[in-house]
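**Student:** What follows is a single structure, and I will ask about it in a moment.
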Amino acid sequence: MVGEVDDVTLPKATVQKIISEVLDSNLTFSKEAREIIIECGVEFIMMLAGSASEIADKELKKTIAPDHVIKSLQDLEFDEFIPPLEEILHQHKENQKIRERRDAKFKKSGLSEEELLRQQEELFRQSRTRLQQTSSVSDASATEHEAGVKEEDL
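To convert a position in the sequence shown, counted from 1, into our numbering, add 143.
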């Protein structure tokens, strides 16, 4: 894989979007500058992944874990990246718990996906009906109010 370094890149559109979000609206960014950013990004990812891989190897692990990446950031002296990374990791774990609970709830329901979809469609239908009824009542009230105002004008 090391020999394939020239083939590795980051999506230009994604990098451009990130750059645009960071730049002041009155500044532009040349294509050459974007290419340099992409090259730096690829190099950073390769350094970080390589360092994390070495740490995992030393621990006789076959999978690079978040702790390996965090240790790599420390080793590479990118300590300022660690707090936001830990926050993202925490949020990911919370989302994973929610997803697992939702999956467990689905399995415990004993209903097939088709049955759940039918129930969902029925709930949507009921909601639309209520919305239409509420809208009809509001329209009728508005019409009555307008009629009352017109009679007062006479």
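Think of the CB as a built atom: it goes at the ideal place given N, C-alpha and C, for glycine as much as any other residue.
(1) Starting from the N-terminal side, write out each stretch of the alpha helix (DSSP H) that is 4 residues or longer and does not extend beyond the segment 160-247.
(2) In its own chain, which residues sit with a C-beta less than 8 Å from the C-beta of I180, not counting the 5 before and 5 after it?
(3) With a threshold of 8 Å, are at least 3 pairs of Cβ atoms found where one atom belongs to the segment 205-219 and the other to the segment 177-196?
(4) Could you give the distance in angstroms between the alpha-carbon of V145 and the alpha-carbon of S173?
(5) Helix or strand or just coil, what does DSSP make of L153?
(6) Rounded to a whole number of angstroms, what is the C-alpha to C-alpha distance between A156 and A195?
(7) Rounded to the nearest angstrom, how far is the Cβ of H211 from that of I225, given a contact under 8 Å?
(8) Determine the closest residue to L228 out of R242, K240, A208, R245, with distance taken between C-alpha atoms.
**Tutor:** So, from the data block:
(1) The qualifying runs are 174-201, 209-218.
(2) Taken in chain order, the residues that qualify are V158, I162.
(3) Yes: at least three Cβ pairs fall under 8 Å.
(4) Per-residue confidence for V145 stands at a pLDDT of 49, beneath the threshold of 50, marking its modelled position as unreliable; the derived number appears in the next sentence. Near 29 Å, if we compare the C-alpha coordinates of S173 and V145.
(5) Coil, per DSSP.
(6) Cα to Cα, A156 sits roughly 27 Å from A195.
(7) The C-beta distance from H211 to I225 rounds to 13 Å, too long to fall under 8 Å, and the pair is not in contact.
(8) It is A208 whose Cα lies nearest to the Cα of L228.
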